[in-house]
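J.: Take a look at this one; I'll ask things after.
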Amino acid sequence: MRIYTYNINGIKARFEALTRWLAEVRPDVVLLQEIKSVDENFPREAMQDLGYRVETHGQKGFNGVAILSRLPLEDVVRGLPGDATDEQARWIEATVIGDSQAVRVAGLYLPNGNPAPGPKFDYKLAWMERLRTRAAALLRTEEPVVMAGDYNVIPHPEDAARPEAWVDDALFRLESREAFRRVLALGYYDAFRLRVAGPGYYSFWDYQAGAWERNNGIRIDHVLLSPQAADLLQDVGIARDERGRDKPSDHVPVWVHLAA
DNA sequence: ATGCCATCCAATGGATGA
16 MRIYTYNING
26 IKARFEALTR
36 WLAEVRPDVV
46 LLQEIKSVDE
56 NFPREAMQDL
66 GYRVETHGQK
76 GFNGVAILSR
86 LPLEDVVRGL
96 PGDATDEQAR
106 WIEATVIGDS
116 QAVRVAGLYL
126 PNGNPAPGPK
136 FDYKLAWMER
146 LRTRAAALLR
156 TEEPVVMAGD
166 YNVIPHPEDA
176 ARPEAWVDDA
186 LFRLESREAF
196 RRVLALGYYD
206 AFRLRVAGPG
216 YYSFWDYQAG
226 AWERNNGIRI
236 DHVLLSPQAA
246 DLLQDVGIAR
256 DERGRDKPSD
266 HVPVWVHLAA
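Here is the structure:
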């Protein structure tokens, strides 16, 4: 089972690039972030024509997450539990019925949190505490769990080309990195770091100031695996070449291959 | 860098993003 996370920065703007990529790569499961669309306007039929089941959790203008899957999906949950007043569409879960076993997948778009300090940063940290609670509940199921998405967290200095430029940023502040670490400490693994060590691996390059041409990137899109999922891990990767194609998102796909 | 670019909504500019 090949599972991808991909922040597409707008389904309307990325429709051509996304459908080309789906036809070319043929992923089994794609967790999309920033669809920036209400559910009714998501191009469901076009995805179905490419062989995908579609589950969305959208909102008008901003945020929005979705799951595309060539495999059957069950038990879809929309919205991160823990705050009934939260209007922002940043979390979707489903069980993917694999050929050999089922995998619980969660797609997430973690709040940016800038400027920090401030109310947006407070929301980010509160959201991360809710994430920790949900992540713990998912672990207790003892199913293989994959939580993947745009975490908006640079875990370590080696995950930024210029870490000194991010020291006061909500993506790299100690509170954000500690909250990310608290999720890992429950028993999750950063799939990429199970297989690849060292600096120079990024998943986001800003549109501005020639960030891509200068390789001024950050690694903020992550795939977290429960121990049961980590046992199934066959390979990982970052599809960095997507950033150099026509009308790219500012993020690229990050993927895992599980024996499931 | 003081958002340099991109996206969306809605309106010819504002909000948001990382």
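For the first sequence, position 250 matches number 265 in the working numbering, and the numbering has no gaps at all. Here a beta-carbon is modelled for each residue, glycine too, at the ideal position from N, C-alpha and C. The model shown is predicted, which means the values in this text are computed figures rather than measured ones.
#1: Quick check on this structure: which residue in V269, E193, L95, R255 has the alpha carbon closest to the alpha carbon of L47?
#2: Consult DSSP for E89 and reduce its assignment to one of helix, strand or coil.
#3: Exposed or buried, which one is V44 when buried takes at least 16 other CB atoms within 10 Å?
#4: From L88 to R119, what does the alpha carbon distance come to, in whole angstroms?
#5: Does the beta-carbon of A81 have 16 or more other beta-carbons within 10 angstroms, so that it is buried, or is it exposed?
#6: In the DSSP assignment, the alpha helix (DSSP H) including A224 goes from what residue to what residue?
#7: Please state the DSSP three-state secondary structure of Y204.
#8: Using CA atoms only, rank isn't needed, just tell me which of D90, I233, D98, K51 is closest to P178.
#9: For I112, which of M16, P130, E157, R229 has the nearest alpha-carbon?
#10: Classify K51: buried if its beta carbon has 16 or more other beta carbons within 10 angstroms, exposed otherwise.
#11: Can you check which of these residues, D256, A244, G252, is closest to A274 by C-alpha distance?
#12: On the DSSP bridge assignment, give the partners of F219 in chain order.
#13: Does the count of Cβ pairs from the region 48-67 and the region 166-178 closer than 8 Å reach three?
#14: For S115, which option in L247, K262, I253 has the closest C-alpha, if you only look at C-alpha atoms?
#15: Does the count of Cβ pairs from the region 59-77 and the region 29-44 closer than 8 Å reach three?
#16: Are the CB atoms of G164 and L199 within a distance shorter than 8 Å?
T.: Taking the structure as given:
#1: V269
#2: strand
#3: buried
#4: 10 Å
#5: buried
#6: Taken as a continuous stretch (DSSP letters only), A224 belongs to no alpha helix (DSSP H), as it is neither H nor E.
#7: strand
#8: I233
#9: M16
#10: buried
#11: A244
#12: I233, H266
#13: no
#14: L247
#15: yes
#16: no
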